[in-house]
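Numbering (the numbering used here), first residue to last: 656 to 939. Think of the CB as a built atom: it goes at the ideal place given N, C-alpha and C, for glycine as much as any other residue. What follows is one structure encoded as structure tokens, with my remarks underneath.
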Ligand code: PAF
């Protein structure tokens, strides 16, 4: 697997594949890869001839008091894992290459509505940073297909909406969340947990499973959310939000909505964990 940092080198490689009629997939990451990322690469191999992975810790999506400096950077190990997974090209641009005029002067992409609810309410500007960098990466690589994990369900919705609204010629594929044996969704930020916190962390997934069962049993979303927040607190997590939404557009769940998603974020030590579960509500 080759590794390139310059857009010209990236484009040169991709142009050779394209002129041979090959289909290209992009797996965008911030590195510190785990099995969840590698599943994105293996899924990408099923739907494209060539897979480009990017590793770029995007400063634009971190708030002033967030973990940009502490975010784990493990590029050599990432490269080894991607090679073993059959990735064809690793793209590792620097911040000055992605934002040559600096972050303040960068043209930004905003997906209204979807960007300011849930995680966007707790992390102002986060989804503008995500949409902007993903737009840029898609323009740099110009893949036929791009794959993102469903663990970041809101991020996936923001990216899908951006691609649709900006008529970008790329198919966006969501890949189911990869979990540890005890249910904890894989995330680079799990590495921030102490052993004691790690033992508590699967409560997030357990609480979502209980909430899904309650919704299916006919309980009202408000009551389900309140019970889930209490259960998280009892388990030693500090809930940020638990919210039952329409899986189609993340609007508040209406009585007629069958396809729902329960999304949650909670703090545990230095980590802010997120997870979600989709639920199909049975009609009475
Ligand atoms: O999910 C991530 O790792 C990031 O938000 C992404 C999509 C690579 C954009 O920086």
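Rounded Cβ spacing between residue i and residue j (contact assumed at less than 8 Å)
{"i": "residue 687", "j": "residue 727", "result": "4 Å"}
{"i": "residue 718", "j": "residue 804", "result": "Contact doesn't hold; Cβ gap of about 21 Å is too wide."}
{"i": "residue 745", "j": "residue 658", "result": "4 Å"}
{"i": "residue 928", "j": "residue 856", "result": "6 Å"}
{"i": "residue 656", "j": "residue 738", "result": "4 Å"}
{"i": "residue 702", "j": "residue 833", "result": "That pair is no contact at about 18 Å."}
{"i": "residue 909", "j": "residue 901", "result": "7 Å"}
{"i": "residue 712", "j": "residue 685", "result": "5 Å"}
{"i": "residue 704", "j": "residue 672", "result": "7 Å"}
Cross-strand partners of residue i (DSSP beta bridge)
{"i": "residue 828", "result": "802"}
{"i": "residue 843", "result": "The partner list for residue 843 (beta bridge, DSSP) is empty, contrary to what the question assumes."}
{"i": "residue 684", "result": "710"}
{"i": "residue 679", "result": "705"}
{"i": "residue 907", "result": "900"}
{"i": "residue 930", "result": "919"}
{"i": "residue 717", "result": "Looking at the DSSP assignment, residue 717 forms no beta bridge with any residue, so it has no partner."}
{"i": "residue 894", "result": "921"}
{"i": "residue 787", "result": "Residue 787 is not bridged to any residue."}
{"i": "residue 859", "result": "Paired residue(s): none; residue 859 is not in a bridge."}
{"i": "residue 657", "result": "744"}
{"i": "residue 834", "result": "840"}
{"i": "residue 935", "result": "914"}
Backbone CA spacing between residue i and residue j [nearest angstrom]
{"i": "residue 871", "j": "residue 917", "result": "12 Å"}
{"i": "residue 798", "j": "residue 815", "result": "15 Å"}
{"i": "residue 677", "j": "residue 743", "result": "12 Å"}
{"i": "residue 894", "j": "residue 775", "result": "15 Å"}
{"i": "residue 778", "j": "residue 930", "result": "16 Å"}
{"i": "residue 854", "j": "residue 843", "result": "16 Å"}
{"i": "residue 934", "j": "residue 880", "result": "14 Å"}
{"i": "residue 811", "j": "residue 829", "result": "7 Å"}
{"i": "residue 679", "j": "residue 660", "result": "18 Å"}
{"i": "residue 710", "j": "residue 668", "result": "17 Å"}
{"i": "residue 873", "j": "residue 911", "result": "13 Å"}
{"i": "residue 861", "j": "residue 683", "result": "29 Å"}
{"i": "residue 839", "j": "residue 766", "result": "29 Å"}
{"i": "residue 835", "j": "residue 820", "result": "35 Å"}
{"i": "residue 932", "j": "residue 890", "result": "19 Å"}
{"i": "residue 837", "j": "residue 826", "result": "32 Å"}
{"i": "residue 754", "j": "residue 867", "result": "42 Å"}
{"i": "residue 781", "j": "residue 791", "result": "16 Å"}
{"i": "residue 850", "j": "residue 674", "result": "51 Å"}
{"i": "residue 697", "j": "residue 670", "result": "22 Å"}
{"i": "residue 731", "j": "residue 896", "result": "36 Å"}
{"i": "residue 757", "j": "residue 747", "result": "18 Å"}
{"i": "residue 869", "j": "residue 708", "result": "39 Å"}
CB of residue i within 8 Å of CB of residue j, strictly
{"i": "residue 863", "j": "residue 923", "result": "no"}
{"i": "residue 919", "j": "residue 878", "result": "no"}
{"i": "residue 736", "j": "residue 681", "result": "no"}
{"i": "residue 761", "j": "residue 787", "result": "yes"}
{"i": "residue 926", "j": "residue 845", "result": "yes"}
{"i": "residue 913", "j": "residue 936", "result": "yes"}
{"i": "residue 859", "j": "residue 892", "result": "yes"}
{"i": "residue 763", "j": "residue 789", "result": "no"}
{"i": "residue 695", "j": "residue 796", "result": "no"}
{"i": "residue 887", "j": "residue 772", "result": "no"}
{"i": "residue 818", "j": "residue 785", "result": "no"}
{"i": "residue 689", "j": "residue 841", "result": "yes"}
Residue environment, residue i, which counts as buried when at least 16 other CB atoms sit within 10 Å
{"i": "residue 794", "result": "exposed"}
{"i": "residue 806", "result": "buried"}
{"i": "residue 903", "result": "exposed"}
{"i": "residue 733", "result": "buried"}
{"i": "residue 663", "result": "exposed"}
{"i": "residue 809", "result": "buried"}
{"i": "residue 720", "result": "exposed"}
{"i": "residue 759", "result": "exposed"}
{"i": "residue 769", "result": "buried"}
{"i": "residue 716", "result": "buried"}
{"i": "residue 740", "result": "buried"}
{"i": "residue 831", "result": "exposed"}
{"i": "residue 876", "result": "buried"}
{"i": "residue 699", "result": "buried"}
{"i": "residue 921", "result": "buried"}
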